[in-house]
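So the protein sequences, as listed, match chains A and B. Be aware that the first sequence starts at 1, since it is given in my numbering, and climbs by one per residue. Be aware that the second sequence starts at 1001, since it is given in my numbering, and climbs by one per residue.
There are 2 protein chains.
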Amino acid sequence: MVSDPHTTLSQRLAGSGLRLTPQRELVYGVLLSQRDHPSAEDVFARVKGQLPSISLATVYNCLETLVNCGLVKQVNMERGPSRYCPNLHEHAHLHDEISGRVFDLELPADLAARLHLLLPAGYSLSAIELNFHARPAVPLQEAAAASHAEGQEAGAEKPAPTQIAS
Amino acid sequence: MVSDPHTTLSQRLAGSGLRLTPQRELVYGVLLSQRDHPSAEDVFARVKGQLPSISLATVYNCLETLVNCGLVKQVNMERGPSRYCPNLHEHAHLHDEISGRVFDLELPADLAARLHLLLPAGYSLSAIELNFHARPAVPLQEAAAASHAEGQEAGAEKPAPTQIAS
DNA sequence: AGTGAGAATAGGAATTATTCCAATGAAAGT
DNA sequence: ACTTTCATTGGAATAATTCCTATTCTCACT
Chain A
1 MVSDPHTTLS
11 QRLAGSGLRL
21 TPQRELVYGV
31 LLSQRDHPSA
41 EDVFARVKGQ
51 LPSISLATVY
61 NCLETLVNCG
71 LVKQVNMERG
81 PSRYCPNLHE
91 HAHLHDEISG
101 RVFDLELPAD
111 LAARLHLLLP
121 AGYSLSAIEL
131 NFHARPAVPL
141 QEAAAASHAE
151 GQEAGAEKPA
161 PTQIAS
Chain B
1001 MVSDPHTTLS
1011 QRLAGSGLRL
1021 TPQRELVYGV
1031 LLSQRDHPSA
1041 EDVFARVKGQ
1051 LPSISLATVY
1061 NCLETLVNCG
1071 LVKQVNMERG
1081 PSRYCPNLHE
1091 HAHLHDEISG
1101 RVFDLELPAD
1111 LAARLHLLLP
1121 AGYSLSAIEL
1131 NFHARPAVPL
1141 QEAAAASHAE
1151 GQEAGAEKPA
1161 PTQIAS
């Protein structure tokens, strides 16, 4: 094995002159263990189960720290709360507009390379963001049926798209 | 000429059963005349010069209407106010992290086509968003000089990246 | 072990961006 | 003209985040 999360986190923090704290470790652990691109509030709720005394402000602080260390990426695809993603591979995001969920999408290396070439001369790249906004396609026979019984709330029981291992 | 803004706007609105109002026309006009991806507040300030009685809520309403009609795109590349873009071509955005400005970037058709292929089966695409976050690259001799005199505010006097005609 | 400096956390206040709401105004259909 | 619908306004309300301050923690040094 190359690195466990604890070591990685500790080293990255140390590299920026920062300390490894239980709060930072828990926040990072939560992001790693459930990769559903949670918001700060989501993370807060999950961490609180393990450390009830943690505050929301601290969660925001920890997330900012992790983002600054480069261990976590902040995802903003829409107005609304930022979401956090510990997947460091260059990848795209799929936003399911019906369920609100966000999935990682594999980005082939050659395509990524072509994207990099679009950056105008004179700029130094910080990040590329590629976001797909989409909704589950309704199969044809269901679409016909639905047109007779409209107005019900859209469920979220589509098969999940392929997630990348990360 | 194919269409003037007034006619286009009027037709699009009518197509959704909506009315052409002075406020909507001014908001749209402001977006068309200065394509620097202004925020709602920016638009408000500009429109106010022409129609001092307009309210911020109306600007938000008009922008939402224009987005829903498909005449304007809402751009969210970072936490902070949404920005609005009347460029309907499929294009990318370059976010200059130093100046905060956003520029349109041409997206070659074949590349756009390849991006579309990434969408997993079972989803129907609403929009693809491709964002470059970057900062002006400091030329080498300047970088050396700057390292002796640090701490000054970064200016924003780089040559602008190629903008697409739209 | 004791102390001081610098980090980090917690809790709450403050800010920002946006949305909601109720009243008024304008336009279109009858 | 009269009614209905749509749009605008201004202000209140909300959501997400940031800011501020006191307290706590950790580390380095004695």
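From the three backbone atoms N, C-alpha and C, an ideal C-beta is built for every residue, glycine too. Remember, it's a predicted structure, so these values are computed and weren't measured experimentally.
Practice task
For the segment 74-131 of chain A, list the alpha helix (DSSP H) runs that are entirely contained and at least 4 residues long, ordered along the chain.
Solution key: The alpha helix (DSSP H) runs lying completely inside the segment 74-131 of chain A and spanning 4 residues or more are 109-116, given in chain order.
Problem - Own chain partners of residue 1135 of chain B with C-beta closer than 6 Å, once the 5 adjacent residues on each side are dropped - result: Stepping through the second sequence from its first residue, residue 1135 of chain B is reached at position 135. Within the same chain, residue 1135 of chain B has close Cβ partners 1097, 1098.
Exercise for the section: Go ahead and pull the three-state DSSP assignment for residue 134 of chain A. Expected result: The residue given as residue 134 of chain A occupies position 134 in the first sequence. Strand.
Exercise for the section: Give a yes or no on whether 8 Å exceeds the smallest Cβ distance from residue 1133 of chain B to chain A. Expected result: For the purposes of this step, residue 1133 of chain B is taken as residue 133 along the second sequence, with counting starting at 1. Chain A, which has a Cβ nearer than 8 Å to the Cβ of residue 1133 of chain B, makes this yes.
Practice task
Consult DSSP for residue 39 of chain A and reduce its assignment to one of helix, strand or coil.
Solution key: In the first sequence, counting from the first residue as 1, residue 39 of chain A sits at position 39. Correct three-state label for residue 39 of chain A: strand.
Exercise for the section: Could you spell out where the alpha helix (DSSP H) holding residue 1006 of chain B opens and where it closes? Expected result: Here residue 1006 of chain B is taken as the residue at index 6 of the second sequence, counted from 1. 1005-1015 is the extent of the alpha helix (DSSP H) around residue 1006 of chain B.
Practice task
Anything in chain B within Cβ reach of residue 126 of chain A, meaning under 7 Å, just list it in chain order.
Solution key: Looking up residue 126 of chain A in the first sequence gives position 126. Under the 7 Å cutoff, chain B gives 1097, 1133, 1134, 1135.
Problem - Cβ-Cβ distance between residue 1062 of chain B and residue 1019 of chain B below 8 Å - result: For the purposes of this step, residue 1062 of chain B is taken as the residue at position 62 of the second sequence. For the purposes of this step, residue 1019 of chain B is taken as the residue at position 19 of the second sequence. The answer is no: Cβ separation not under 8 Å.
Handout entry: Minimum C-alpha distance to residue 1069 of chain B - residue among B:1038, B:1107, B:1014
Key = To locate residue 1069 of chain B, count along the second sequence from 1; it is residue 69. Answer by Cα proximity: B:1014.
Exercise for the section: Output the distance between the C-alpha atoms of residue 1037 of chain B and residue 1031 of chain B, rounded to the nearest integer angstrom. Expected result: Residue numbering aside, residue 1037 of chain B sits at position 37 when the second sequence is read from its first letter. Residue numbering aside, residue 1031 of chain B sits at position 31 when the second sequence is read from its first letter. Approximately 8 Å between the Cα atoms of the pair.
Handout entry: Proximity winner among A:140, A:129, A:8, relative to residue 1075 of chain B (alpha-carbon distances)
Key = Here residue 1075 of chain B refers to the residue found at position 75 when the second sequence is read from its first residue. Answer by Cα proximity: A:129.
Exercise for the section: Would you kindly work out how many angstroms separate the C-alpha atoms of residue 71 of chain A and residue 86 of chain A, rounded to a whole number? Expected result: Taking the first residue of the first sequence as position 1, residue 71 of chain A is located at position 71. Taking the first residue of the first sequence as position 1, residue 86 of chain A is located at position 86. Going by the C-alpha atoms only, they are around 6 Å apart.
Exercise for the section: Since I believe residue 104 of chain A is in contact with residue 93 of chain A (beta carbons under 8 Å), could you give me their beta-carbon distance rounded to a whole number of angstroms? Expected result: Reading the first sequence from its first residue, position 93 is the one you call residue 93 of chain A. Reading the first sequence from its first residue, position 104 is the one you call residue 104 of chain A. So it is a contact: roughly 7 Å between Cβ atoms.
Handout entry: Nearest to residue 975 of chain B (by Cα), restricted to the options B:1126, B:1090, B:1124
Key = Lying outside 1001 to 1166, the shown extent of chain B, residue 975 of chain B is not represented and no answer is given.
Exercise for the section: Compare the C-beta of residue 1120 of chain B with all C-beta atoms of chain A and state if any pair is closer than 8 Å. Expected result: As a first step, residue 1120 of chain B is located in the second sequence; it is residue number 120 there, counting from the start. It does; some Cβ of chain A falls within 8 Å.
Practice task
Using a Cβ-Cβ cut-off of 8 Å, state whether residue 1114 of chain B counts as contacting chain A.
Solution key: In the second sequence, the residue the question calls residue 1114 of chain B occupies position 114. Closer than 8 Å to some Cβ of chain A, the Cβ of residue 1114 of chain B qualifies, so yes.
Handout entry: Chain-ordered chain A contacts of residue 1079 of chain B [CB-CB under 7 Å]
Key = As a first step, residue 1079 of chain B is located in the second sequence; it is residue number 79 there, counting from the start. What residue 1079 of chain B touches in chain A: 76, 82.
Practice task
Counting only the same chain and skipping the five closest in sequence on each side, list residues whose C-beta sits under 8 Å from that of residue 1054 of chain B.
Solution key: On the second sequence, residue 1054 of chain B is found 54 positions in, with the first residue counted as 1. Contacts found: 1023, 1026, 1044, 1047, 1048.
Exercise for the section: Measure the C-alpha to C-alpha separation of residue 1132 of chain B and residue 41 of chain A and round it to an integer number of angstroms. Expected result: Within the second sequence, residue 1132 of chain B is the residue found at index 132, counting from 1. Within the first sequence, residue 41 of chain A is the residue found at index 41, counting from 1. Taking the straight line joining both Cα atoms gives about 27 Å.
Exercise for the section: Measure the C-alpha to C-alpha separation of residue 106 of chain A and residue 78 of chain A and round it to an integer number of angstroms. Expected result: Working through the first sequence from its first residue, we reach residue 106 of chain A at position 106. Working through the first sequence from its first residue, we reach residue 78 of chain A at position 78. Going from the Cα of residue 106 of chain A to the Cα of residue 78 of chain A covers about 21 Å.
Problem - Interface residues of chain A facing residue 1140 of chain B [CB-CB closer than 9 Å] - result: Numbered from 1 along the second sequence, position 140 holds the residue referred to as residue 1140 of chain B. Per Cβ cutoff of 9 Å: no residues; residue 1140 of chain B is ~12 Å from chain A at best.
Exercise for the section: Note down, in chain order, every chain B residue with its Cβ under 7 Å from the Cβ of residue 92 of chain A. Expected result: Translated into positions along the first sequence, residue 92 of chain A becomes position 92. By Cβ distance, chain B contributes 1118.
Exercise for the section: Would you please verify whether the beta carbon of residue 1123 of chain B is less than 8 Å from any beta carbon of chain A? Expected result: By 1-based counting over the second sequence, the position of residue 1123 of chain B is 123. So, interface residue.
Practice task
State the start and end residues of the unbroken alpha helix (DSSP H) segment that holds residue 1029 of chain B.
Solution key: Within the second sequence, the letter at position 29 stands for residue 1029 of chain B. Following the DSSP letters along the chain, one finds residue 1029 of chain B inside the alpha helix (DSSP H) bounded by residues 1022-1033.
Practice task
Give the secondary structure of residue 18 of chain A by DSSP, where H, G and I count as helix, E and B as strand, and everything else as coil.
Solution key: By 1-based counting over the first sequence, the position of residue 18 of chain A is 18. The answer is coil: DSSP assigns residue 18 of chain A none of H, G, I, E or B.
Exercise for the section: Spatial neighbours of residue 1148 of chain B within its chain, please: CB distance less than 7 Å, with the 5 preceding and 5 following residues excluded, ordered by chain position. Expected result: The residue you call residue 1148 of chain B lines up with position 148 of the second sequence. If we look at residue 1148 of chain B and ignore the five residues flanking it on each side, it has no Cβ neighbours.
Handout entry: Backbone CA spacing between residue 1059 of chain B and residue 1011 of chain B [nearest angstrom]
Key = Counting from one through the second sequence, the residue named residue 1059 of chain B turns up at place 59. Counting from one through the second sequence, the residue named residue 1011 of chain B turns up at place 11. Looking at the two C-alpha atoms, the distance is approximately 20 Å.
Exercise for the section: Enumerate in chain order the residues of its own chain whose CB-to-CB distance from residue 29 of chain A is below 7 Å, with the five nearest sequence positions on each side excluded. Expected result: Here residue 29 of chain A refers to the residue found at position 29 when the first sequence is read from its first residue. Same-chain partners within the cutoff: 5.
Practice task
Report yes if the CB atom of residue 1123 of chain B is closer than 8 Å to the CB atom of residue 146 of chain A, and no otherwise.
Solution key: Here residue 1123 of chain B refers to the residue found at position 123 when the second sequence is read from its first residue. Here residue 146 of chain A refers to the residue found at position 146 when the first sequence is read from its first residue. 8 Å or more divides the Cβ of residue 1123 of chain B from the Cβ of residue 146 of chain A.
Handout entry: CB contact check: residue 129 of chain A to chain B, cutoff 8 Å
Key = Locating residue 129 of chain A in the first sequence gives position 129, where the first residue counts as 1. For residue 129 of chain A, the answer is yes, since a Cβ of chain B falls inside 8 Å of its Cβ.
Exercise for the section: Using a Cβ cut-off of 9 Å, pull out every chain B residue sitting near residue 105 of chain A, in sequence order please. Expected result: What you label residue 105 of chain A is simply residue 105 of the first sequence in a count that begins at 1. Contacts between residue 105 of chain A and chain B, judged by CB atoms closer than 9 Å, involve 1118, 1119, 1120 in chain order.
Exercise for the section: Over the uninterrupted alpha helix (DSSP H) stretch that includes residue 1051 of chain B, give me the two end residues. Expected result: Here residue 1051 of chain B corresponds to residue number 51 of the second sequence, with the count starting at 1. Looking at the DSSP string, residue 1051 of chain B is not in any alpha helix (DSSP H), and its letter there is neither H nor E.
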